[in-house]
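S.K.: Here it is, the structure in full.
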Amino acid sequence: MHEPSMAVKLAGVELKNPVVAASGTFGFGREYSQFYDLSELGAICVKGLTAAPRKGNPPPRIAETPMGILNSVGLQNPGIDAFLAQELPFLRRYDVKVIANLSGDTPEEYGQMCEKLSQAGVDLIELNISCPNVKAGGLAYGTRPDLAAEVTRVAKAHAGATPVMVKLSPNVTDVVAIAQAVADAGADALSLINTLLGMRIDVASRRPILRRNTGGLSGPAVLPVAVRMVWEVSRVGLPILGMGGVSDGDSAAQLMLAGASAVAVGTACLAAPYAPLQVRDGLRDIAARQGLSSVAQLTGAIQPW
Ligand code: SIN
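Each position in the sequence shown, counted from 1, maps to that position plus 11 in my numbering.
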């Protein structure tokens with residue numbers, strides 16, 4: 012079998028392969044660098060950043076579910092300045108693209124953070140407008156086309172030449188309306204899906220398992236929702252980073268066939284640190300078996316009924 016080319020482009024950024032470590036399950040890469048060379052990945056999307064450091068929500072904030080997990084982490088992170096001072100220099104030791112995921116309380120805060128990240132030379136900015144676990148910002152912006160567009164416009168005005176990707180929530184009735192609004196506001200790419208709002212209850216105590224009652228569901232259970240939403244959103248015409256339940260070559264290939272240019276591996280990393288490499292190798296095998304010269308030929312190649 013011939014070796015297909017694994018290189019892809021996402022919003023003009025060249026990735027050596029389509030596999031991205033998803034935000035929130037890979038930290039800043041330090042722990043995973045003990046297992047393998049981070050340069051093996053297409054890109055690393057760092058833990059979600061906020062303007063000030065955040066402790067996150069009180070525990071319990073992770074709960075297992077059939078084929079997935081619920082989280083209500085609440086954007087725990089050291090803050091953007093600590094990221095720029097300590098974590099970005101560490102990541103720059105590797106030949107891997109760096110995507111910075113950020114959340115703000117106001118459009119202006121998104122703008123200020125974009126300016127810092129762009130000046131620091133990150134490769135791509137991912138605007139999180141879809142975190143279900145915080146009161147201000149987050150999902151509040153991701154469920155209304157007008158607010159999603161406003162955040163995107165302000166971010167683009169401050170991001171200089173750094174491409175801006177907007178992370179969409181599945182917790183909406185019409186994801187295409189949100190995608191179209193951010194596309195019209197100048198977004199360079201879309202990433203989806205963030206987690207699905209969910210809940211678990213301990214029957215004996217009658218208490219929700221998560222201290223904040225609800226959380227975001229991720230893992231293999233959400234893959235069909237992600238595939239459907241990527242397919243719907245592909246009609247908007249922006250490059251897509253697909254995610255939601257990616258754990259092997261087949262799940263990654265489904266998202267690419269639906270329209271994704273690259274895929275992010277999230278929850279799978281928590282159980283299997285090598286999951287991103289297994290996804291990459293699985294994608295390569297599928298492309299080779301199908302006689303493709305490049306894995307990029309999977310993107311949007313679905314044959315719908
Ligand atoms: C969290 O930190 O609560 C998860 C981030 C997200 O869902 O966007």
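Just so you know, even glycine gets a beta-carbon here, dropped at the ideal spot from N, CA and C.
I think Ala-286 touches Ala-275, with their Cβ atoms under 8 Å apart; what is that distance to the nearest whole Å?
M.R.: In fact, because the Cβ distance is near 11 Å, the residues do not count as touching under 8 Å.
S.K.: For Leu-207, write down the residues that DSSP places opposite it in a beta bridge.
M.R.: Answer by DSSP bridge pairing, in chain order: Leu-228.
S.K.: For Tyr-47, count neighbouring C-beta atoms within 10 Å of its own C-beta (all shown protein chains included) and say buried if the count is 16 or more, exposed if not.
M.R.: Label assigned to Tyr-47: exposed.
S.K.: Under 7 Å: does the beta carbon of Cys-142 sit that close to some heavy atom of the ligand SIN?
M.R.: Yes - the ligand SIN has a heavy atom lying nearer than 7 Å to the Cβ of Cys-142.
S.K.: Is Ser-83 near the ligand SIN, in the sense that its beta carbon is under 7 Å from a heavy atom of that ligand?
M.R.: Ser-83 Cβ: within cutoff of the ligand SIN.
S.K.: With a Cβ-Cβ cutoff of 8 Å, do Gly-255 and Val-290 count as a contact?
M.R.: Their beta carbons are not under 8 Å apart, which means Gly-255 does not touch Val-290 by this criterion.
S.K.: Give the range of the beta strand (DSSP E) segment to which Ile-251 is assigned.
M.R.: Element bounds for Ile-251: 251–254.
S.K.: Can you check DSSP and say which residues form a bridge with Glu-243?
M.R.: DSSP lists no partner for Glu-243.
S.K.: Using DSSP's beta-bridge definition, name the partner residues of Asp-213.
M.R.: Looking at the DSSP assignment, Asp-213 forms a beta bridge with Arg-218.
S.K.: Where Ala-159 and Pro-181 are concerned, what is the direct C-alpha to C-alpha distance, given to the nearest angstrom?
M.R.: About 14 Å.
S.K.: Any heavy atom of the ligand SIN closer than 7 Å to the beta-carbon of Pro-182?
M.R.: The sequence shown places Asn at residue 182, rather than the Pro named in the question. It does not: the Cβ of Asn-182 is nowhere closer than 7 Å to a heavy atom of the ligand SIN.
S.K.: Is Leu-99 near Thr-61, with beta carbons less than 8 Å apart?
M.R.: Against a cut-off of 8 Å, the Cβ pair of Thr-61 and Leu-99 comes out as no contact.
S.K.: For the ligand SIN, is there any heavy atom lying closer than 7 Å to the beta carbon of Thr-206?
M.R.: Thr-206: yes, Cβ under 7 Å from the ligand SIN.
S.K.: Would you say Val-187 and Val-238 are within 8 Å of each other, going by their C-beta atoms?
M.R.: Taking 8 Å as the Cβ cut-off, Val-187 and Val-238 do not qualify as a contacting pair.
S.K.: Could you tell me the distance, in whole angstroms, from the CA atom of Pro-77 to the CA atom of Ser-258?
M.R.: Pro-77 and Ser-258: Cα-Cα distance of roughly 15 Å.
S.K.: Taking buried to mean at least 16 other C-beta atoms within 10 Å of its own C-beta, is Pro-70 buried or exposed?
M.R.: Label assigned to Pro-70: exposed.
S.K.: Bridge partners of Arg-65, per DSSP?
M.R.: Paired residues: Asn-88.
S.K.: Give the DSSP bridge partners of Ser-305, in chain order.
M.R.: In DSSP, Ser-305 forms a bridge with Ser-16.
S.K.: Would you say Asn-82 and Asn-112 are within 8 Å of each other, going by their C-beta atoms?
M.R.: For Asn-82 and Asn-112, no; Cβs fall outside 8 Å.
S.K.: Check whether the Cβ of Asn-139 lies closer than 7 Å to any heavy atom of the ligand SIN, and answer yes or no.
M.R.: Because some heavy atom of the ligand SIN lies under 7 Å away, the Cβ of Asn-139 counts as near it: yes.
S.K.: In whole angstroms, what separates the C-alpha of Leu-26 from that of Tyr-105?
M.R.: The alpha-carbon atoms of Leu-26 and Tyr-105 are separated by roughly 13 Å.
S.K.: At which residues does the beta strand (DSSP E) containing Ala-318 begin and terminate?
M.R.: The requested residue 318 is not part of the displayed model; the chain covers only 12 to 316.
S.K.: Alpha carbon to alpha carbon, what distance is there between Pro-174 and Lys-127?
M.R.: Their Cα atoms are separated by approximately 14 Å.
S.K.: Does the Cβ-Cβ distance between Gly-253 and Ala-264 come in under 8 Å?
M.R.: It is not a contact, given that the beta carbons lie outside the stated cut-off.
S.K.: Quick check: what's the CA-CA separation for Leu-135 versus His-13?
M.R.: The straight-line gap from Cα to Cα measures roughly 32 Å.
S.K.: Just how far apart, CA to CA, sit Pro-250 and Met-267?
M.R.: Roughly 11 Å between the two C-alpha positions.
S.K.: Indicate whether Ala-121 and Val-193 have their beta-carbon atoms separated by less than 8 Å.
M.R.: According to the sequence as given, residue 121 is Tyr; it is not Ala. Cβ atoms of Tyr-121 and Val-193: not closer than 8 Å.
S.K.: According to DSSP, which residues form a beta bridge with Ala-273?
M.R.: DSSP lists Leu-252 as partners of Ala-273.
S.K.: Going by the DSSP bridge assignment, what does Ile-80 pair with across the sheet?
M.R.: Answer by DSSP bridge pairing, in chain order: Glu-75, Ser-229.
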